[in-house]
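Participant:
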Amino acid sequence: MSLIDTYGRRINYLRLSVTDRCNLRCSYCMPEEGVEKLSHCEMLSYEDLLRISAEAVAAGIEKIRVTGGEPLVRKGIVDFLGRLAALPGLKELVLTTNGLLLKEMAQGLRDAGVQRLNVSLDSLKPDTFAAITRGGELQRVLDGLDEAERVGFPPHKINVVVMRGVNDDEILDFVALTLKRPYAVRFIEYMPTSGDADWRDLTVPGAEIRERIAREYTIEESTNSERSGPSKNFRVQGAPGSLGIITAMTGHFCDGCNRLRVTASGVAKGCLFSGTGVDLKPVLATGDDELLRKEIRRIVAAKPGRHEVTDEGVETKPFAMSRVGG
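Per the working numbering, the very first residue in the sequence shown carries number 138; after that it's consecutive.
(1) For A277 versus K240, is the C-beta spacing smaller than 8 Å?
(2) Pick from A385, V312, P441 and I201: whose alpha carbon is nearest that of R220?
(3) CB P263 to CB L232, shorter than 8 Å?
(4) Three-state secondary structure (DSSP) at E184?
(5) Anyone know if the C-beta pair for R323 and N296 falls short of 8 Å?
(6) Which residues bound the alpha helix (DSSP H) around K418?
(7) Residue ranges of each beta strand (DSSP E) run of no fewer than 3 residues wholly in the stretch 283-357, ordered along the chain?
(8) Does DSSP classify T447 as helix, strand or coil?
(9) Between the alpha carbons of V451 and I383, how many angstroms are there, rounded?
(10) Enumerate in chain order the residues of its own chain whose CB-to-CB distance from L275 is below 6 Å, with the five nearest sequence positions on each side excluded.
(11) According to DSSP, is T270 part of a helix, a strand, or is it coil?
(12) Applying the 10 Å Cβ sphere with the 16-neighbour rule, what's the burial state of D142?
(13) Looking at S368 and E307, is the spacing between their C-beta atoms short of 8 Å?
(14) Locate the alpha helix (DSSP H) running through K431, then write down its first and last residues.
(15) Would you mind working out which of L316, T413, G414 and L186 sits nearest G375, comparing C-alpha positions?
(16) Please confirm whether L218 and L246 have their CB atoms less than 8 Å apart.
(17) Does the beta-carbon of E353 have 16 or more other beta-carbons within 10 angstroms, so that it is buried, or is it exposed?
(18) From this set, N160, R301, L309 and S379, which residue's C-alpha is nearest P342's C-alpha?
(19) Which class does V194 belong to by DSSP, given the choice of helix, strand or coil?
(20) Measuring only the C-alpha atoms, how far is A385 from G273?
(21) Quick one, are the C-beta atoms of G378 and N370 less than 8 Å apart?
(22) Rounded to the nearest angstrom, how far is the Cβ of L153 from that of V203, given a contact under 8 Å?
(23) Kindly identify the DSSP beta-bridge partner or partners of K200.
(24) On the DSSP bridge assignment, give the partners of A405 in chain order.
(25) Please report how far the alpha carbon of G145 lies from the alpha carbon of I433, in whole angstroms.
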């Protein structure tokens, strides 16, 4: 089974948000005061999340990334991940986390069948990390990375949202991390999710990031796997770790986009920047799994060819990343 959209793209990757809650307030993700939380009845049950996942896999999804908010704050998440990992046909189960609870939960996640972790880490300086996350403790994340490595997780992916004048002075510090550890560091261009008019001032283009690295190091290209994300990957020659740049703004990768998103409230989106999505709750309420699978196929067929965020005159509607799973 394959999911092919009208542009000929093979959709094999589902980003599944299990909660809109988070224990941080990262500046690019949500307002300082937070966002209005989903009520209990608005948030999908684990049973419904599992039904969506099972039908998506049956239709052609091969990889599921569980996201939030922060997925580890939802009660019962480890048991749910174990059920998700057991889905017939699922080839890859990964989890994105901010790492604050990783030290305590790493063993349980590994035992449940999570194969790999993506950890959001935007600074290696305690003060800058606290400022970006509005109070987060860097050492807890670093301890979590160490514990996850100790219990057997493969080298982590580290996601860094690069912001000019905020943390772009640390680009080479993150590169140096890959010289010591086999981490895959991914630099992500800042995106205007908050609707700020001056978002371009914060965005450091991927080409500039690569140029800064190339001035200091000899780099070599590396390739992506079929189910990997949109990162353009390379490494410093001789380094155990790797580097990547995600150019969501300056060089959108829409023509190769292979993903579908489902929010914690059950809204399916073919694109992060889609103003609307398809509410799956009415279909779930019918109890008809075949109908659910057909709806997933219909959503994939309607997936837009590209986002229009960088087009002249286009204004982005503000939204909290915590609501759509990043």
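Ideal placement from N, C-alpha and C gives every residue a C-beta, glycine not left out.
Facilitator: On the basis of the data shown:
(1) In the sequence as displayed, the identity of residue 277 is Arg instead of Ala. A Cβ-Cβ contact shorter than 8 Å links R277 with K240.
(2) Of the listed residues, the one whose Cα sits closest to R220 is I201.
(3) No, the Cβ-Cβ distance between P263 and L232 is not below 8 Å.
(4) Correct three-state label for E184: helix.
(5) Taking the C-beta atoms as reference points, N296 is found nearer than 8 Å to R323.
(6) That run of the alpha helix (DSSP H) goes K418 to T423.
(7) Runs of the beta strand (DSSP E) inside the stretch 283-357: 294-299 and 321-326.
(8) Only weak support exists for where T447 lies, its pLDDT of 49 falling under 50; the coordinates are left without a value.
(9) For V451, the predicted structure reports a pLDDT of 49, less than 50, and the residue's modelled location is therefore unreliable. The matter cannot be settled from this model.
(10) Around L275, the same chain offers P263 and F266 as residues with beta carbons nearer than 6 Å, after the five sequence neighbours per side are excluded.
(11) Here T270 sits in helix by DSSP.
(12) Burial is judged here by how many other beta carbons sit within 10 angstroms of a residue's own beta carbon; D142 has at least 16 and is buried.
(13) No, the Cβ-Cβ distance between E307 and S368 is not below 8 Å.
(14) For K431, the uninterrupted alpha helix (DSSP H) run begins and ends at D426 to A438, by DSSP.
(15) Nearest option by C-alpha distance: L316.
(16) Result yes, Cβ atoms of L218 and L246 sit closer than 8 Å.
(17) Classified as exposed, E353 has fewer than 16 neighbouring CB atoms from the shown chains inside 10 Å of its CB.
(18) Minimum Cα distance to P342 is reached at R301.
(19) Note: V194 maps to helix in three-state DSSP.
(20) So the alpha carbons of these two residues sit roughly 26 Å apart.
(21) Between G378 and N370, the CB-CB gap reaches or exceeds 8 Å.
(22) Rounded to the nearest angstrom, the Cβ distance from L153 to V203 is 5 Å, consistent with a contact under 8 Å.
(23) Beta-bridge pairing links K200 to Y150 and E229.
(24) Answer is V399 and V415.
(25) For G145 and I433, the distance between alpha carbons rounds to 16 Å.
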